[in-house]
Structure formats: structure tokens, C-alpha cells
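*Asks:*
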Amino acid sequence: MSVFPKDFLWGAATASYQVEGAHDADGKGLSNWDVYSHLPGTTYMGTNGDVAADHYHRFKEDVALMAELGMKSYRFSVSWPRLFPKRRGEVNEAGVKFYSDLIDELLKYGIEPMLTMYHWDLPQALQDEIGGWESREIIDAFEGYARLLYERYGDRVKLWATFNETIVFTGLGYLTGMHPPGVKDPKRAIQACHHVFIAHARAVETFRKMGVQGQIGFVNVLQPNDPITNSAEDVKACELAEACFTHWFYDPVLKGEYPAELLAMAQTALGVPVFAPGDAELMKNNICDFIGVNYYKREMVAANYDVDGFEMNTSGQKGSGKELGWKGLFKLVRNPNGRYTDWDWEIYPEGLTDAIMRINKRYGNVPIYITENGLGAKDPIVNGEVLDQPRIDYLREHIQATGEAIKLGADVRGYYPWSFIDLLSWLNGYQKQYGFVYIDQANGLARKKKLSFGWYQDVIRSNGEKL
Ligand code: BGP
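Using the working numbering, the letters of the sequence shown correspond one by one to residues 1340 to 1806.
1. In whole angstroms, give me the CA-to-CA distance for R1388 and N1676.
2. Cα-Cα, which of Y1383, G1368, D1393 is closest to Q1357?
3. For M1549, which residues in the same chain have their Cβ closer than 6 Å to its Cβ, ignoring the five residues on either side in sequence?
4. Please classify T1284: is it buried, with 16 or more other beta-carbons within 10 angstroms of its beta-carbon, or exposed?
5. I'd like the list of long-range same chain contacts for E1482, defined as Cβ closer than 8 Å, with 5 residues on each side in sequence excluded.
6. Tell me which residues share the same chain as D1647 and place their Cβ nearer than 6 Å to its Cβ, disregarding the 5 neighbours each side in the sequence.
7. Of the choices D1440, I1450, L1378, whose alpha-carbon is the least far from that of D1346?
8. Tell me which residue opens and which closes the alpha helix (DSSP H) that I1709 is part of.
9. Looking at C-beta atoms only, is the number of pairs between the segment 1374 to 1381 and the segment 1405 to 1414 that lie closer than 8 Å three or more?
10. Using only alpha-carbon positions, find the residue among Q1796, P1379, N1767 that is nearest to M1651.
11. Threshold first: 3 residues or longer. Then list the beta strand (DSSP E) segments lying entirely within the segment 1513 to 1581, N to C.
12. Under the DSSP definition of a beta bridge, which residues are partnered with M1639?
13. If K1399 sits next to E1444, beta carbons under 8 Å apart, how far is it from one beta carbon to the other, in whole angstroms?
14. Would the C-beta of W1587 count as close to the ligand BGP, meaning under 7 Å from any of its heavy atoms?
15. Inspect the CB distances between the segment 1737 to 1751 and the segment 1776 to 1795 and report whether three or more fall short of 8 Å.
16. Mind checking M1340: buried by the 16 CB within 10 Å criterion, or exposed?
17. List, from N- to C-terminal side, the alpha helix (DSSP H) runs of 4 residues or more that fit wholly inside the segment 1586 to 1613.
18. To test your reading of the DSSP string, which unbroken alpha helix (DSSP H) runs of 4 or more residues are found completely within the segment 1398 to 1474?
19. Considering only the alpha carbon of each residue, which of K1771, S1418, I1567, N1802 lies closest to E1662?
20. Check whether the segment 1751 to 1760 and the segment 1704 to 1713 touch, using three or more Cβ-Cβ pairs below 8 Å as the test.
21. So K1746 is in the alpha helix (DSSP H); what residue range does that whole segment cover?
22. Check T1505 in the structure and name its three-state DSSP category.
23. With C-beta atoms as the reference, is V1551 less than 8 Å away from G1631?
24. Less than 6 Å between C-beta atoms, sequence neighbours within five positions excluded: which residues of the same chain meet that for P1719?
25. Any chance the CB of H1458 is under 7 Å from a heavy atom of the ligand BGP?
26. Closer than 7 Å: is that where the CB of L1561 sits relative to any heavy atom of the ligand BGP?
27. Shortest alpha-carbon distance to T1381 belongs to which of G1690, K1657, V1522, Q1530?
28. Closer than 7 Å to a non-hydrogen atom of the ligand BGP - does that hold for the CB of A1351?
29. Using a threshold of 8 Å, state whether the C-beta atoms of F1629 and Y1708 are closer than that.
Written out as C-alpha cells, the structure is:
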């Protein structure tokens, strides 16, 4: 008997900027990524999402492949500037139609859409004219955008997520300066992040007021942190890392408040986040229906007396990643006994069971969807076939780890590998592949099923028994 419930949502995920292409088609406005990726030195060898997998023009072919794969659900995101090209004003009906047609196409095959409202592509106009996430004005703008989504798609979409990985787009966008808008300032990062939580709470409130029939959640990175030794310093550093990486991002949406100790630390040291009247109540009254978790790796943590920096491996040259962290607080270090990908991400499936159970313990038995999980690799092509056996091995182990968490009582309702198809990796270009479907760049972006495609088909058919 399968440990997975019979209505378990076997899916796969993508995100608008990474898959759609058509960056200026049919009235779409520019996004922050359209602009940022064209600035010299920002992405791996200047790669960008101008064309990507051209899913915008080929979505019917892609959805037919999803159906062939047997997917029960598809997680995608909407490009905000496709719907609202300018700061205010007219809705771009061609953009609305694209997602409407996509949703209809999915439903035609019985594939449940899971819609993410914000997977990092902000209308550039909102960045230029109000200052993006640093301005409270963005809260109204986001609510207006959410309202349009509910009005146009609320009759067909039942699973909604407001934000994808706030830690990444605010952390890399405002703290390490590696994502747009390229700011490096902890104070500004924390305040921008606060506006995201408030925009989220407002969108949840509107969802409920409008009586949209469905569930609404938030998607976070799920990264268990473990101390590299049992020394008191390392354990303490690890607790702080777990509070910063996990509790700071889960508590506001699942408890409706920040973790008190860390909030006090931030407000004392930096004077942020600044609350406006009503913020605390809004957060408290708009807890999520579910949490989406994106799991790739665990991080080992050590006390940090030397490292101050965030140099990541974005080339796929194994071992080129450096230790990263904040001096005096903590650093992320390599596990000498760990298995690693070419991008120096630790492969640690037990961490998925572990992290789900940590969520379960801290927030109760909240419904969980694994909204991303996958292996980034340069897939070998042998006699024209894409033989991505390492991906199969990675996914198998992580599906087993998900099953373990279900056995332990966690309410896990779906599993969406990243990604359905090969697409753009933000800072790592097209060479970091994740998909079940390969894109032949040299052959007009022709789609080709990888070895993992047939394997996942069997997994879905057997409801996770045949791994
Ligand atoms: C998550 C993002 C995805 C995707 C994935 C893989 O952080 O939500 O959009 O990119 O990670 O990351 P990367 O492309 O850096 O390997």
C-alpha cells in the first residue's frame, strides 16, 4: 500500500520569467529581471529570459507533455508586468488571456493549476516610480494585482500561493546585491521583507473577503540547518541561522507574528522592521491555509570569526563555492562527509523528512505541499538521449523522504519537482538543468523527453510505489 494519499498531487513546477520568454510580446511591460539581466556582469555569461523555453508560444505543446507525464497538478507563476505593464492603469487583456488559456488547457487534461502570484518578476515601472518593495505603496499595488487574479481566474484555480521564496528575492535583492535591485543593506532588506509580509496578509484578506473558493498559501525555502560540531559556539550559531532562515519567514505567515527574540534584535540593532498602524493585526488575522516548501539542500553551520561574504558557485565547477556568512553571527560550511552537486549543494534527503517534522512541531499539522525539489545538473547526452540518471536518484530519495514524513504524521498533500522542463536558472544560466523535458537550443527549442520522464510517469501511475 502506498504511503501517499490517493488524491496526492504529483506535479511539477516552473516560474514565469524562467520559462515563458516572450518578454515584450502582446503588450507585456518590462520586469525588473528583463532590465537587470541585461546589465553587464549580473548573470552567468549574460544569460537572460528573453526567449527562455518560449513556453508563452508553446504552452499547448507543453501541457500535452504534462498530460503524457501524468501530472495531477502544475505549479506556475504569473508575470505581474504581463498583466499590468505600467505602474497603474489599464490591464493588458492579452496577458490575462494567456494565463486564462493556460488554465483552460490544464483543466482540459484534468491537471490542477497551482498559481504563484509573485515569483520575482516585478513590473520595472513599480521599481522606478515607487521604489519597489521598499515602498509601502507596493502593498496596494500588489493587492490590486491579486484582486485581478481572483476575478479572472478564481472560478478555475483552487490552489494559490502569494509569494515564492521571500528570503531569496529580498535577501539577494537587498542584502547581498545579487538580484535586482542590487542593494546591499540589511536595514533596507528587512523593511522590504516586512512589506512583503503585509502585502501577503492583504492578499489573503482580500481572497477571503471575495469568497474565492480555494486555498491560499505562501512558499518558502525549506532548509534545515545543523551545527558542524556539538560545540556550544556552533550550536548557538546554528540556532541563530535557523531563526533567521526559517522562523523569520514561516512565523509571520503561519503564526501571524515575527519570532519575538529576533524581532527585538533587529529592531534594537537596526531599527527595523517599522510597523505601520494595523500591520500587526493584519498579520495575525490572515494566517495561511497551507505552506509550500522548496527543498534542495541542508546547510551546516559554524560559529563565524572570519567570513564576511556571499560568493556562491554559479558556474557548476564543483568546489568553487566559498564559505559564506556574516562575521560574528554564523557561517555556512561544507560537510566533510556530505554528498554534493556540481553547484556545491549538499544532497541530503533525510533533511527533507527532518525539516518537514520541524515545521510540524513548530506550527502544528499545517497542510504542506513540496512546491519545489530537484537536482540542477549538466545532463549527459548519449546517442541523442538525455540520460539524467542522477536526477532520478535524487528525486527517488526525496520522494522516499517525503513518504517518511507522511508516515510520521505530516499532512503532505503534493510534490512538485523543479522543474517540469529545462529553463533559465537565475544566476546560473541554461547549463544548470532541472527538467524532465530537455530543450534543444540548436534545434529551434524542440522538446525532448529525458530518461527521468518515463521514470516519473511510473512514479505517478503507481502513486509513489514504483520508485
Ligand atoms: C528556487 C527558485 C526557483 C529555481 C530553483 C533552483 O530558489 O524558486 O526559481 O530557480 O530555486 O535554483 P537555481 O536555479 O539557482 O539552481
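The beta-carbon is built from N, C-alpha and C at its ideal position, and this holds for glycine as well.
*Replies:* The answer reads as follows:
1. For the sequence presented, residue 1388 should be read as Gly rather than Arg. Near 37 Å, if we compare the C-alpha coordinates of N1676 and G1388.
2. D1393
3. Y1489
4. One cannot answer for residue 1284 here, as it falls past the ends of the chain, which runs 1340 to 1806.
5. A1538, R1541, A1542, T1545
6. K1666
7. I1450
8. It is not in any alpha helix (DSSP H) - I1709 instead sits in the beta strand (DSSP E) that spans 1707 to 1711.
9. no
10. N1767
11. 1554 to 1560, 1564 to 1566
12. D1565, V1672
13. 6 Å
14. no
15. no
16. exposed
17. 1587 to 1593, 1599 to 1609
18. 1419 to 1422, 1432 to 1447, 1463 to 1469
19. I1567
20. yes
21. 1728 to 1746
22. helix
23. no
24. L1726
25. yes
26. no
27. V1522
28. no
29. yes
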